[in-house]
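Numbering (our numbering), first residue to last: 1011 to 1173. For each residue, glycine too, the CB sits at the ideal point set by N, CA and C. The structure under discussion appears below in the form of structure tokens.
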Amino acid sequence: MNYFTKKRMAIWVIIFLLITNIATLATICYHRWNFKNRMMNNPHHKIEAFIKNELNLNAKQTEDYRKMKEEFRKERTALAEKIQKNHAAMFDQYSIANPDTAKLNIIAKENGEFFKEMSQMSIKHFFNLRNLCDEKQKVKLSGVYKEMNLEVKNKGNHHPEGE
1011 MNYFTKKRMA IWVIIFLLIT NIATLATICY HRWNFKNRMM NNPHHKIEAF IKNELNLNAK
1071 QTEDYRKMKE EFRKERTALA EKIQKNHAAM FDQYSIANPD TAKLNIIAKE NGEFFKEMSQ
1131 MSIKHFFNLR NLCDEKQKVK LSGVYKEMNL EVKNKGNHHP EGE
């Protein structure tokens, strides 16, 4: 092979490798974007699938987790409705000529208790999930909790849906 043929072949190999790398990166970016969009549309499924896959839950653990999560969601929804009612009552007071500050203080105190109860429910939920896990899964779960904490710090006041 002469010098020009070797050089031409090297150029074609480099072009091929560049095209392959660009296609690979484009595919990776597309799949990440597509996955994020699908999961954003269904956050409850996202969390359940993530927990199941990340912790490698077996069928019984998955079923127990679903039941536990559904119970948690019902309790949390009931509390959220109470908080919403109290917020509506607060705005009713704000809109009248002479708001009753004593009533507003009572509502604020009730909301504080509701938020406290919601935090305690979350603690119980996370411990129940931990109790479902074997030792290897508990280590993975600790890592998941650390990642969640980082996301909360990075995003500000974010409360994950469904968990």
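Inset, instruction - My understanding is that Leu1142 touches Tyr1075, with C-beta atoms under 8 Å, so please give their C-beta distance in whole angstroms. - result: Correct: roughly 6 Å between the Cβ atoms.
Inset, instruction - For the region 1139–1153 and the region 1064–1078, state whether three or more C-beta atom pairs, one from each stretch, are separated by less than 8 Å. - result: yes
Inset, instruction - Tell whether a beta-carbon distance below 8 Å holds between Glu1085 and Met1158. - result: no
Inset, instruction - Check whether the Cβ atoms of Met1176 and Leu1114 lie closer than 8 Å to each other. - result: Here the chain comprises residues numbered 1011 to 1173, so residue 1176 is not present and cannot be evaluated.
Inset, instruction - Please say whether His1135 and Phe1060 have beta carbons closer to each other than 8 Å? - result: No.
Inset, instruction - Would you mind reading off the limits of the alpha helix (DSSP H) that contains Ile1133? - result: Thr1111 to Leu1142
Legend entry - Burial state of Ile1025 (16 or more Cβ within 10 Å): Burial call: exposed.
Legend entry - Residue environment, Leu1139, which counts as buried when at least 16 other CB atoms sit within 10 Å: buried
Legend entry - 8 Å Cβ cutoff met for Lys1092 and Phe1124: yes
Inset, instruction - Determine the DSSP secondary structure at Leu1028, reduced to helix, strand or coil. - result: helix
Inset, instruction - Would you kindly check if the distance between the Cβ of Lys1079 and the Cβ of Glu1058 is under 8 Å? - result: yes
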